[in-house]
Amino acid sequence: MPPRTAPPPDAGVLQGPSAQLVTSLHLSASHVGWHRLDVTSAVQRWFARPGERLRLLVDCSSCSGELEAALFTARKLKGAHKPGSRRSEASHRPFLVVHTAPTPSRRLSRRALQCDKDTKMCCKQNLFISFRELGWDDWIIAPTGYNANYCKGSCASVFRTLDAFPHFHSQVMEEVRRHRPAGSLEQCCAPTKLSPMSLIYQDEYSNIIKRNVPRMVVEECGCA
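If you read the sequence shown in this note's numbering, its first letter stands for residue 102, the second for the next number, and so on.
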């Protein structure tokens, strides 16, 4: 009879005291590196029941010593390399990536005007940037991309309201430009509000770092 081969090891994520299986993944013993598991259903339950304790258990059944899961605890990192290793404990710390979206506001100001095919005035144009396309996916772990957006359009046809300009001074200067067309007081469509974005990336020592990068997303545009 031919020798029996062991099945590929399975990694699973279990939730709660009853150890309910959330997701599982077939692993290759020859692969070294990070594995991604989708725990969206568990996160959605957490948001629906904010009073419950958030608990996840990562288990690798049938590993038989071939694979060793690096599980982070409050005191130490199980399965981490011995002291002196080039990789620190932080580089093996499991992490959870959660994407959320704010509830849209019912009130839309002039500076938050979205561009469309008929819009000629200053507006915000949606633009998705893929980190893979930029060749940055080898060090940026999450997200895979984001909506950077940019501003475009004319300031000559902007409505004469306080919402149309970031400052009333800009509106006054626009009126001066209308009355003095020979001058050099040209208004430009530019970002008036930017928001930060969270990045999870690896540094030069393979440490996993989470950082809030300021002024990454264009939220509103105006003439200035």
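Quick reminder that beta carbons are idealized off the backbone N, C-alpha and C, glycines included.
Local conformation of valine 144 per DSSP, three classes: For the purposes of this step, residue 144 is identified with residue 43 of the sequence shown, where counting begins at 1. Three-state result, valine 144: helix.
Below 9 Å between beta carbons: does that hold for asparagine 313 and proline 297? Counting from one through the sequence shown, the residue named residue 313 turns up at place 212. Counting from one through the sequence shown, the residue named residue 297 turns up at place 196. Yes. Within cutoff.
Going by DSSP in three states, phenylalanine 229 sits in which element: helix, strand or coil? On the sequence shown, residue 229 is found 128 positions in, with the first residue counted as 1. If DSSP states are grouped into helix, strand and coil, phenylalanine 229 belongs with the strands.
DSSP has tyrosine 302 in a bridge; who is on the other side? In the sequence shown, the residue the question calls residue 302 occupies position 201. Its beta-bridge partners are Ile241, Ile310.
Quick one: using the 10 Å Cβ neighbour count with 16 as the cut-off for buried, is isoleucine 242 buried or exposed? Position 141 of the sequence shown, counted from the first residue, corresponds to residue 242. Classification of isoleucine 242: buried, given that the 10 Å Cβ count is 16 or more.
Tell me serine 296's beta-bridge partners as DSSP assigns them. Translated into the one-based positions of the sequence shown, residue 296 becomes position 195. Beta-bridge annotation (DSSP): serine 296 is paired with Val318.
Tryptophan 214 burial status per 10 Å Cβ neighbour count (16 or more: buried): The residue given as residue 214 occupies position 113 in the sequence shown. With the sequence shown as reference, residue 214 is identified as leucine, and tryptophan is not the correct amino acid for it. Under this definition leucine 214 is a buried residue.
Use the C-beta contact count for glycine 323: other C-beta atoms within 10 angstroms, 16 or more gives buried, fewer gives exposed. If you number the sequence shown from 1, residue 323 lands on position 222. Glycine 323 sits buried, since 16 or more C-beta atoms from the chains shown fall within 10 Å of its C-beta.
Report all residues from its chain with a CB closer than 6 Å to the CB of tryptophan 240; omit the five preceding and five following residues, and keep chain order. Taking the first residue of the sequence shown as 1, we reach residue 240 at position 139. Contacts found: Tyr302, Gln303.
Let me check understanding here. Comparing Cα to Cα, which of Pro195, Thr141, Val319, His280 lies closest to glutamine 226? In the sequence shown, counting from the first residue as 1, residue 226 sits at position 125. Comparing Cα positions, the closest option is Val319.
Tell me the residue span of the beta strand (DSSP E) that contains leucine 122. Against the sequence shown, residue 122 aligns to sequence position 21. 121-127 is the span of the beta strand (DSSP E), which, as asked, contains leucine 122.
Here's a check: name, in chain order, each residue in its chain whose Cβ is nearer than 6 Å to the Cβ of arginine 316, leaving out the five neighbours to either side. Within the sequence shown, residue 316 is the residue found at index 215, counting from 1. Only residues of its own chain outside the window of five on either side were considered, and among them Leu295 have a CB closer than 6 Å to the CB of arginine 316, listed in chain order.
Applying the 10 Å Cβ sphere with the 16-neighbour rule, what's the burial state of valine 277? Here the question's residue 277 lines up with position 176 in the sequence shown. That one is exposed.
Span separating the alpha-carbon of leucine 228 from that of valine 140: Here residue 228 corresponds to residue number 127 of the sequence shown, with the count starting at 1. Here residue 140 corresponds to residue number 39 of the sequence shown, with the count starting at 1. Going by the C-alpha atoms only, they are around 28 Å apart.
Give me the residue from Trp135, Thr124, Cys224, Leu128 with the minimum Cα distance to isoleucine 309. The sequence position of residue 309 within the sequence shown is 208, counting from 1. Out of Trp135, Thr124, Cys224, Leu128, Trp135 has the C-alpha closest to the C-alpha of isoleucine 309.
Buried or exposed by the 16-neighbour rule on C-beta atoms within 10 Å, applied to glutamine 288: Here the question's residue 288 lines up with position 187 in the sequence shown. By the 10 Å Cβ count, glutamine 288 comes out buried.
Can you tell which of Ser129, Asn248, Trp147, Tyr306 has its C-alpha closest to the C-alpha of phenylalanine 232? Translated into positions along the sequence shown, residue 232 becomes position 131. Measuring from the Cα of phenylalanine 232, the nearest candidate turns out to be Asn248.
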